[in-house]
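Just add 226 to the spot in the sequence shown (first one is 1) and you have the numbering used here. Think of the CB as a built atom: it goes at the ideal place given N, C-alpha and C, for glycine as much as any other residue. Keep in mind it's a predicted model, so treat the numbers as computed, not measured.
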Amino acid sequence: MNYFTVSKPAEASFIEKKSEFIGYIAPVKTNEEAVEFINSIKAKHRKARHNVYAYVLREDNISRYSDDGEPQGTGGVPVLDVLLKRGLTDVCVVVTRYFGGILLGGGGLVRAYSHGASIACDASEIMHMCHCRLVKITSDYNMYGKITYLLPDFETITLSSDFGSDVSLEILVLSEKYDSLVKQLTDVTNGSVSIEDCGERYHDFSSVKKSQ
């Protein structure tokens with residue numbers, strides 16, 4: 227259920243035999259958002275020979291691509307292949323080509339469009355979106371040290387801390403670790419801690435994974 231996506235649009239470019247290739251990537255969640263992004267790039271590069279694209283969506287498990295006038299299979303498929311190999315979803319990539327007058331051939335086009343998609347991905351910020359639970363923990367100050375000592379073992383992300391008459395923490399924990407966390411918190415505090423399950427969601431756990 228976990229997936230990888232990008233946090234914001236990014237772009238990168240290179241020159242191959244006088245043709246300029248510009249790779250664009252953006253987060254999209256629906257078919258309409260993907261089409262809107264593609265059209266925005268086309269509008270930005272009206273004089274470009276080709277605006278090849280591919281996108282992958284979690285919604286309805288959609289994946290689409292277009293060669294936009296390049297020989298069949300030399301543009302959209304290589305771009306889509308980059309997204310699939312990197313495991314990215316809810317993303318759209320457009321690779322714009324300004325023709326430089328030198329033909330690249332089928333193999334050259336495949337390599338160029340693959341590279342354009344790859345450098346766009348490299349320029350973006352990848353997010354590891356994990357299925358998790360939002361948990362509110364309330365305890366007295368005597369137990370605060372034990373709780374904060376325990377949380378890193380469960381790869382939690384602390385969203386907020388409120389120090390009033392009691393200590394209240396809002397954290398995110400991976401769904402598969404939720405039950406174990408509840409048990410450990412209950413054990414180390416002798417059942418004195420209040421644990422409220424505030425529901426499921428997806429959140430970026432990239433920073434947690436990188437720190438391990």
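task: Pick out whichever of 302, 428, 367 has its Cα sitting closest to the Cα of residue 456.
output: Outside the displayed range of the chain (227 to 438) lies residue 456, so it cannot be described from this structure.
Cβ-Cβ separation, residue 307 to residue 300 (assumed contact under 8 angstroms), whole Å: Not really, about 12 angstroms apart at Cβ, beyond 8 angstroms.
field: Contact set for residue 376: own chain, Cβ-Cβ below 7 angstroms, skip 5 residues either direction
entry: 410, 411, 414
Start-end ranges of the beta strand (DSSP E) lying completely within the region 395–432, minimum 3 residues: 420–430
- request: From the DSSP output, read off the bridge partner residues of residue 314.
  value: 230
- prompt: Within 10 angstroms of its Cβ, does residue 316 collect 16 or more other Cβ (buried), or is it exposed?
  reply: buried
message: Measuring only the C-alpha atoms, how far is residue 347 from residue 404?
response: Between residue 347 and residue 404, the alpha-carbon positions lie close to 32 angstroms from each other.
task: Kindly list the residues whose CB is nearer than 6 angstroms to the CB of residue 322, restricted to its own chain and excluding five residues on each side of it in sequence; keep chain order.
output: 248, 271, 274, 277
query: Among 373, 255, 285, 314, which one has its Cα closest to the Cα of residue 382?
result: 373
task: With a 10 Å radius around its C-beta and 16 neighbouring C-beta atoms as the bar for buried, classify residue 245 as buried or exposed.
output: buried
message: Using the three-state DSSP reduction, which class does residue 249 fall into: helix, strand or coil?
response: strand
task: Let me know the alpha helix (DSSP H) ranges lying completely inside the region 326–390, each 4 residues or longer, listed in chain order.
output: 331–349, 367–376
field: Contact between the region 324–331 and the region 355–374 (3+ Cβ pairs under 8 angstroms)
entry: The region 324–331 is not in contact with the region 355–374.
message: With H, G and I counted as helix, E and B as strand and the rest as coil, what does DSSP make of residue 434?
response: helix
task: Go to residue 260, then tell me how far its beta strand (DSSP E) extends in each direction, as first and last residue.
output: No beta strand (DSSP E) holds residue 260; the alpha helix (DSSP H) holding it covers 257–270.
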